[in-house]
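Worksheet for the structure shown next.
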């Protein structure tokens, strides 16, 4: 794909960008119209960031850009030049899930797993800002992430359980 | 019959964490858009902007010239090498079946119908090229809704049909006319359910490589029914089944929408054949609103006849299925299923019920979790509550009066289904008890004292599951089967692989199959892996993963296969231990003589004896290897059921409904994993609550879809969905080994009438009756205002559209 793409895009303007994702620096030539989500998925090979709507509603593509949550489908890759990004692939250490991931596993906080990366990234930001949220705060925080499988209750319980674990 | 005895199960019935989860949580899942095949190119589809028009010309020349474009095809190109889209359900005799090709050839009949496709180096360039295709349309009169379709002078979608009616079928039982004549009370209503769809968060997609030299078609497809897809691809493409391979990666939700067979997989196949390249075609979200099966769109005119004591005498009515401009894979199946289930859990001796399938200029109608049963539930649950009000009876008492008693099972519903087992009154009582324990009535009383409108709603549902006996399915019009096949194989080191044709779309099939296989064999669950999603290596399943069948049918097949495989394992072990197989036991993979601990062998020893070092170890009478195949074709379906209760608050000033708390008492027979059962119930309820209050695919009079994004088609969020509480009864399925009943559709069936019941209760002083779904704030406000206007001069509900 990469060499094919370069054939057709040779005549298009590209910009060289460098983005640090999960601690690894990626430098690539990039058309200005390419979204950050496509850059992460295609150029970096990090397909854990999912595209559920591409119009900024479903939240499945949520990643952390310099520590703040962002919709990778509404962000252009060139806007992220120089940024430090965390995706779902950056949460576990080796093959050890982090406490938030463990809590989702224990509380059946996922079914098909498609919305899960976005849920995890949104919850990561929440728990960094507020280590002891109540259920209403968790629901409000997650209201920008759609899930079609779980009915949310188990996700809310997962995040509350994760908060307990992380507070120790 | 229960094969796994309770004292022998380690895993069945316990809250085992899912084996699927770690990689999904780590972002290592592989969904279809994550799959990259060497030399792959990417396609996009041009869709009709008009609901009904003749195509008078298509110019693709400019699109072809765009650098990076490999090919552009129109309907004529596709029809030269591919047949029309298949339909597999024909429940209505002599039904007119409206078929189309995957790309429209000369006429479009809905907004979003595919008219051309481009394949290019990537999706960006493919979409650029779509803008360069010029299509000339000659608009035709639009049949935008049911009334327009049934009007005497309606324009016709199909010139060779007498009207827009695809077909009609009536079922009768007893003598409905006499029952209505002798009734003390008759209640009747028109119920309307708007269009909605399953809307899995992962849109559909495929990668197809049609190798014209090898004669093979290799497909990655986001499908719930890989065997069906392979058979249908064979029919449409004319390629023999054995040369087609369908692989299903992780599915990002299915909900029935991914059961159906779509034109996109055919388009990708044709593009692949023409270009000699693997072609990826991923539906984007905007495509999904017009190209993924729509559902739910129905009008139900029904009436119920009762005695003064609340005994139901009869039910009659018509279910209109508002189909689209062509029939989808399942035809008129869901509106038909509404008729089969409109009597619900009640004994109704006299029935006269009709399904009428009507075509309109809307997207094709297809499968969505619940498959018509949610609207059957609206009929019986709304009418019985309206009757209770009319008779001054308690809502629970009138339900209890009409349930079949436990000893009356198996119970024939009067139309098609024979409910296998149950204790409906106990389930109702369990729900009512929990409502009290959770203090809902006190909350309601306290809120009312403050002038707030809280309501408690109930819905009792039946869920015919474990679809289904193959010959009966054939008899009622399915051109496919309903059995399930499984292979259980122990390998040379004593570990086990279960191969199934079922698909894992989020419900946890791999986990529950590993639980059942481990218990069936007497080995640790971590010694079992489950493989699904590849027609080359996995067995055949009839139907697919739908109809709440993966747990009961796949589960039963696993239990039957493991019972035989365990017997063989014990025979081999008996040779190793110089004992009789009858004297042996197996626990945690260790085989020993019952009552002793001195001598034992492990499954590792047995695997080695069966595969590698057979001499003096493998009985000569035994075939080498350790493998069992089972095919389970159920003698009857398994009917799950439940009683759901909901606490809501209605804002009389805005018509907004807030969901405060929800509980369900449920019986799906043997519970394999209560955590996963609860997950199924909660997820289904959330979809139903969204459908009851928020979600609607709204068409205008020109047949334009007005809610084609998540800004307008509102999925419920964590802010709208309440907490859930689940309580289980276990009445084993008598016809399914293991006693397992299905659970996948319970929530969607129960949840819509449930909200109406709660809203009615919140507004009981006004006498409001909700009959139209979704219950949007303007519609409810209209009902409230109408109820407050004594002269009946208020707006009608229709005005609120």
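Residue numbers (our numbering), protein chains in the order written: chain H, 489 to 656; chain P, 712 to 1512.
C-beta atoms are modelled at their ideal positions from N, C-alpha and C, and glycine is treated no differently.
**Unbroken alpha helix (DSSP H) run spanning residue 782 (chain P), endpoints** = Mapped onto the second chain, residue 782 (chain P) falls at position 71. Counting along the chain, residue 782 (chain P) falls outside any alpha helix (DSSP H), though it belongs to the beta strand (DSSP E) covering 780–785.
**Request:** Mark residue 1307 (chain P) as exposed unless 16 or more other C-beta atoms lie within 10 angstroms of its C-beta, in which case mark it buried.
**Result:** As a first step, residue 1307 (chain P) is located in the second chain; it is residue number 596 there, counting from the start. By the 10 Å Cβ count, residue 1307 (chain P) comes out exposed.
**Message:** On the CB-based measure, 16 or more other CB atoms within 10 Å of its CB, does residue 1252 (chain P) come out buried or exposed?
**Reply:** Walking along the second chain from the start, residue 1252 (chain P) turns up at place 541. Classification of residue 1252 (chain P): buried, given that the 10 Å Cβ count is 16 or more.
**Request:** Pick out whichever of P:1374, P:963 and P:805 has its Cα sitting closest to the Cα of residue 916 (chain P).
**Result:** The residue labelled residue 916 (chain P) in the question sits at position 205 within the second chain. Nearest option by C-alpha distance: P:963.
**Message:** When you compare the CB positions of residue 601 (chain H) and residue 736 (chain P), do they come within less than 9 Å of one another, or not?
**Reply:** Numbered from 1 along the first chain, position 113 holds the residue referred to as residue 601 (chain H). Numbered from 1 along the second chain, position 25 holds the residue referred to as residue 736 (chain P). Contact: yes.
**Item:** Against chain P: residues of the region 617–630 of chain H by CB proximity under 7 Å
**Value:** 627, 628 and 630
**Message:** Mapping the DSSP letters down to three states, classify residue 917 (chain P) as helix, strand or coil.
**Reply:** For the purposes of this step, residue 917 (chain P) is taken as the residue at position 206 of the second chain. The answer is strand: DSSP assigns residue 917 (chain P) an E or B state.
**Prompt:** So which residues of chain P does residue 599 (chain H) contact, with C-beta pairs closer than 8 Å?
**Reply:** Within the first chain, the letter at position 111 stands for residue 599 (chain H). Under the 8 Å cutoff, chain P gives 964, 1217, 1218, 1219, 1390 and 1394.
**Asked** Under a Cβ-count criterion, where at least 16 other Cβ atoms within 10 Å of its own Cβ denotes burial, should residue 906 (chain P) be classed as buried or exposed?
**Response** Taking the second chain and counting its residues from 1, the one referred to as residue 906 (chain P) is at position 195. It is buried - the Cβ of residue 906 (chain P) has at least 16 other Cβ atoms within 10 Å.
**Asked** Any contact of the region 1161–1181 of chain P with the region 1247–1263 of chain P, i.e. 3+ C-beta pairs under 8 Å?
**Response** yes
**Message:** Counting only C-beta atoms, is residue 576 (chain H) closer than 9 Å to chain P at any point?
**Reply:** The count along the first chain starts at 1 and reaches residue 576 (chain H) at position 88. For residue 576 (chain H), the nearest CB of chain P lies under 9 Å from its own CB, placing it at the interface with that chain.
**Asked** Counting contacts by CB-CB distance shorter than 9 Å, is residue 507 (chain H) in contact with chain P?
**Response** Locating residue 507 (chain H) in the first chain gives position 19, counting from the first residue. With 9 Å as the cut-off, residue 507 (chain H) does not count as an interface residue toward chain P.
**Runs of beta strand (DSSP E) wholly within the region 1012–1036 of chain P (minimum 3 residues, chain order)** = 1023–1034
**Cβ-based burial, residue 1186 (chain P) [other Cβ within 10 Å; buried from 16]** = The sequence position of residue 1186 (chain P) within the second chain is 475, counting from 1. Classification for residue 1186 (chain P): exposed.
**Item:** Separation of residue 1375 (chain P) from residue 646 (chain H), as counted between CA atoms
**Value:** Residue 646 (chain H) sits at position 158 when you count from the first residue of the first chain. Residue 1375 (chain P) sits at position 664 when you count from the first residue of the second chain. So the two alpha carbons sit approximately 21 Å from each other.
**Request:** Please list the residues of the region 586–614 of chain H that have a C-beta atom closer than 8 Å to any C-beta atom in chain P, keeping them in chain order.
**Result:** 589, 592, 593, 594, 596, 598, 599, 600, 601, 602, 603, 604, 605 and 608
**Message:** Any contact between the region 780–792 of chain P and the region 733–747 of chain P? By contact I mean 3 or more CB pairs, one from each, below 8 Å.
**Reply:** no
**Request:** Flag residue 741 (chain P) as yes if its beta-carbon sits less than 9 Å from any beta-carbon of chain H, otherwise no.
**Result:** Counting from 1 along the second chain, the entry for residue 741 (chain P) is found at position 30. Residue 741 (chain P) counts as touching chain H.
**Item:** Selection of the region 1431–1444 of chain P by Cβ proximity to chain H, strictly under 7 Å
**Value:** 1432, 1434 and 1435
**Request:** Give a yes or no on contact between the region 1133–1148 of chain P and the region 1107–1117 of chain P, applying the rule of three or more CB pairs nearer than 8 Å.
**Result:** yes
**Asked** With a Cβ-Cβ cutoff of 9 Å, do residue 1381 (chain P) and residue 1289 (chain P) count as a contact?
**Response** Sequence index remark: in the second chain, residue 1381 (chain P) carries index 670 (1-based). Sequence index remark: in the second chain, residue 1289 (chain P) carries index 578 (1-based). For residue 1381 (chain P) and residue 1289 (chain P), no; Cβs fall outside 9 Å.
**Message:** One question on the structure: do residue 640 (chain H) and residue 1397 (chain P) come within less than 9 Å of each other, judged by their Cβ atoms?
**Reply:** Stepping through the first chain from its first residue, residue 640 (chain H) is reached at position 152. Stepping through the second chain from its first residue, residue 1397 (chain P) is reached at position 686. Contact: yes.
**Asked** Is the CB of residue 652 (chain H) under 9 Å away from at least one CB in chain P?
**Response** Numbered from 1 along the first chain, position 164 holds the residue referred to as residue 652 (chain H). No, no contact with chain P.
**Asked** Could you give the C-beta distance for residue 1079 (chain P) and residue 909 (chain P), rounded to a whole number, given that I count them as a contact under 8 Å?
**Response** Reading the second chain from its first residue, position 368 is the one you call residue 1079 (chain P). Reading the second chain from its first residue, position 198 is the one you call residue 909 (chain P). Contact holds; Cβ gap of about 4 Å.
**Prompt:** In or out: residue 1046 (chain P) buried (at least 16 other Cβ within 10 Å) or exposed?
**Reply:** For the purposes of this step, residue 1046 (chain P) is taken as residue 335 along the second chain, with counting starting at 1. Classified as buried, residue 1046 (chain P) has 16 or more neighbouring CB atoms from the shown chains inside 10 Å of its CB.
**Request:** From the DSSP output, in three-state form, read off residue 1185 (chain P) for me.
**Result:** Here residue 1185 (chain P) refers to the residue found at position 474 of the second chain. Correct three-state label for residue 1185 (chain P): helix.
**Request:** Label residue 1262 (chain P) either buried or exposed according to how many other C-beta atoms from any shown protein chain fall within 10 Å of its C-beta, with 16 as the threshold for buried.
**Result:** By one-based count along the second chain, residue 1262 (chain P) stands at place 551. Label assigned to residue 1262 (chain P): buried.
**Message:** Can you list, in chain order, the residues of its chain with a C-beta nearer than 6 Å to that of residue 904 (chain P)? Leave out the 5 residues immediately preceding and following it.
**Reply:** On the second chain, residue 904 (chain P) is found 193 positions in, with the first residue counted as 1. Excluding positions up to five away in sequence, the list reads 1007, 1009, 1086 and 1484.
**Asked** Does the Cβ-Cβ distance between residue 1190 (chain P) and residue 978 (chain P) come in under 9 Å?
**Response** For the purposes of this step, residue 1190 (chain P) is identified with residue 479 of the second chain, where counting begins at 1. For the purposes of this step, residue 978 (chain P) is identified with residue 267 of the second chain, where counting begins at 1. No.
**Request:** Measure the alpha-carbon distance for residue 893 (chain P) versus residue 1109 (chain P) and round it to whole angstroms.
**Result:** Working through the second chain from its first residue, we reach residue 893 (chain P) at position 182. Working through the second chain from its first residue, we reach residue 1109 (chain P) at position 398. A straight line joining the alpha-carbon of residue 893 (chain P) with that of residue 1109 (chain P) spans about 19 Å.
**Message:** Relative to the C-alpha of residue 1053 (chain P), which candidate in P:1284, P:1034, P:1265 and P:1014 has its C-alpha closest?
**Reply:** Taking the second chain and counting its residues from 1, one reaches residue 1053 (chain P) at position 342. Checked all of P:1284, P:1034, P:1265 and P:1014; the closest Cα to residue 1053 (chain P) is P:1014.
**Request:** Could you name the residues of chain P that residue 504 (chain H) contacts, counting a contact when the two beta carbons are closer than 7 Å?
**Result:** Looking up residue 504 (chain H) in the first chain gives position 16. Going along chain P, no residue has its Cβ under 7 Å from residue 504 (chain H), so there is no contact; the nearest lies around 19 Å.
**Request:** Can you tell me which of P:1030, P:1022, P:1058 and P:1063 puts its alpha carbon nearest to the alpha carbon of residue 1048 (chain P)?
**Result:** Along the second chain, one-based indexing puts residue 1048 (chain P) at 337. Nearest of P:1030, P:1022, P:1058 and P:1063 to residue 1048 (chain P), Cα basis: P:1030.
**Within the region 1380–1404 of chain P, ranges of the alpha helix (DSSP H) (whole runs, at least 4 residues)** = 1385–1404
**Asked** What residues match up with residue 955 (chain P) in a beta bridge as DSSP calls it?
**Response** Here residue 955 (chain P) corresponds to residue number 244 of the second chain, with the count starting at 1. Note: residue 955 (chain P) sits in a beta bridge opposite P:928.
**Prompt:** Cβ of residue 549 (chain H) less than 9 Å from any chain P Cβ?
**Reply:** Walking along the first chain from the start, residue 549 (chain H) turns up at place 61. By this cut-off, residue 549 (chain H) is not an interface position.
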